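Accompanying notes for the structure given below.
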Amino acid sequence: MTLAAFLVAGGGLALLVIAALGLHVLPDALTRQHAATKSVTLALGLVLAGVGLYAGDAGTWVRILVIVALLVATLPVASHMLARAAVASRNRPEELAAAPRYRSSSPTSTGPTR
Amino acid sequence: MSGAALMVTMLVVGALLALTLAVVRLWRGPTAADRVVALDVVFSVNVVLSAAAALGTGRALFLDLAIGLAAIGFVSTIVWARLVAGATEEEP
């Protein structure tokens, strides 16, 4: 049980460090939010599962399940909002024209893909 | 070194490494959206540090703290992301 706890928590920590590295490797904010939200969800789940495996009592597991449920419910929403902020804060207009529009007034203005 | 101390050391070292990378991005980040993304990672690292504190001290109170940190991190990310998106969308 202890070895499994170390393996699971170590894997989660490696994913967390890789996600933080992704903040430097990936080129702009829109791609960086992938590293900051998707992989961090799995990394935090693995680390907390490792802590629960090591501690092993029921109170710890209940709290860890609450944290993981909260993270799984909220991090996709945060990912979406971060992507909106990244798209909106792009300064080059040709990239902004190619990006999906969130406040289109008419259904025909869906971008230059046509 | 006992097992719990080794586990706590591993968690703290990995979390501090990720925290350093995220804070560097928070400091440098060319746009405000980069800084909000880095802030989200900082809150996630704080959840890991809080779990390590719970394991190190044997008090489940720190896991309640991690629940609060996850909720506050979500709300602050939403608010900052809306602020960044709104501040640039309203420019002519």
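In order, the protein sequences belong to chains L and W. The opening position of the first sequence corresponds to residue 1045 in our numbering, with each subsequent residue numbered one higher. The opening position of the second sequence corresponds to residue 3 in our numbering, with each subsequent residue numbered one higher. Note that beta-carbon positions come from the ideal geometry of N, C-alpha and C, so glycine has one too. Owing to the predicted nature of the structure, the values given are computational and were not obtained by experimental measurement.
Buried/exposed call for residue i, threshold 16 Cβ in 10 Å
i, result
"T22 of chain W", "exposed"
"G1096 of chain L", "buried"
"T11 of chain W", "exposed"
"M1045 of chain L", "exposed"
"R1128 of chain L", "buried"
"L1119 of chain L", "buried"
"R1158 of chain L", "Bear in mind that a pLDDT of 40 at R1158 of chain L, under 50, signals an unreliable position, so the number given afterwards is only what the model happens to contain. It is exposed - the Cβ of R1158 of chain L has fewer than 16 other Cβ atoms within 10 Å."
"I74 of chain W", "exposed"
"D42 of chain W", "buried"
"L1115 of chain L", "buried"
"V1131 of chain L", "buried"
Residue i - containing alpha helix (DSSP H), residue span
i, result
"M12 of chain W", "5-30"
"A1073 of chain L", "1073-1099"
"R1128 of chain L", "1102-1132"
"A1063 of chain L", "1046-1069"
"G60 of chain W", "Premise fails: G60 of chain W is in no alpha helix (DSSP H) and is neither H nor E."
Presumed contact (8 Å Cβ cut-off) between residue i and residue j, rounded CB distance
i, j, result
"A103 of chain W", "L1067 of chain L", "Chain W is shown from 3 up to 94; residue 103 of chain W falls before or after that span and cannot be answered."
"D66 of chain W", "R1076 of chain L", "Wrong, their Cβ atoms sit about 31 Å apart, outside the cutoff."
"A1064 of chain L", "A24 of chain W", "5 Å"
"L19 of chain W", "V1069 of chain L", "In fact, because the Cβ distance is near 15 Å, the residues do not count as touching under 8 Å."
"V38 of chain W", "L1126 of chain L", "6 Å"
"A56 of chain W", "A62 of chain W", "6 Å"
"S1123 of chain L", "T33 of chain W", "Not confirmed; about 17 Å, so no contact."
"V44 of chain W", "L28 of chain W", "7 Å"
message: Three or more C-beta pairs under 8 Å: does that hold for the stretch 35-54 of chain W against the stretch 1080-1097 of chain L?
response: yes
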